[in-house]
Amino acid sequence: LSLPSMPPYPANFYSKMNLNDFISMDPEVGWGAVYTLSEFTHRFGSKNC
Numbered sequence: 219l220s221l222p223s224m225p226p227y228p229a230n231f232y233s234k235m236n237l238n239d240f241i242s243m244d245p246e247v248g249w250g251a252v253y254t255l256s257e258f259t260h261r262f263g264s265k266n267c
């Protein structure tokens, strides 16, 4: 099984490479939230697992 090749997304005037912002652990940068281990386990932990 082979996947079809995908054309590259075209860059435009507003495009920029944002991988560093996306994976940043700085809560003021990018999207999402950065949790401490305690916050993470409280939010996502479950005793029913």
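Residues in the sequence shown are numbered from 219 upward in steps of one, following our numbering. C-beta: ideal position from N, C-alpha, C; glycine also.
Under the three-state DSSP convention, the category residue i falls into
i: N236; result: coil
i: S256; result: helix
i: F262; result: helix
Close-in-space but distant-in-sequence residues of the same chain around residue i (CB under 7 Å, 5 per side omitted)
i: Y253; result: R261
6 Å Cβ shell around residue i - same chain, five flanking residues per side excluded
i: M243; result: V252
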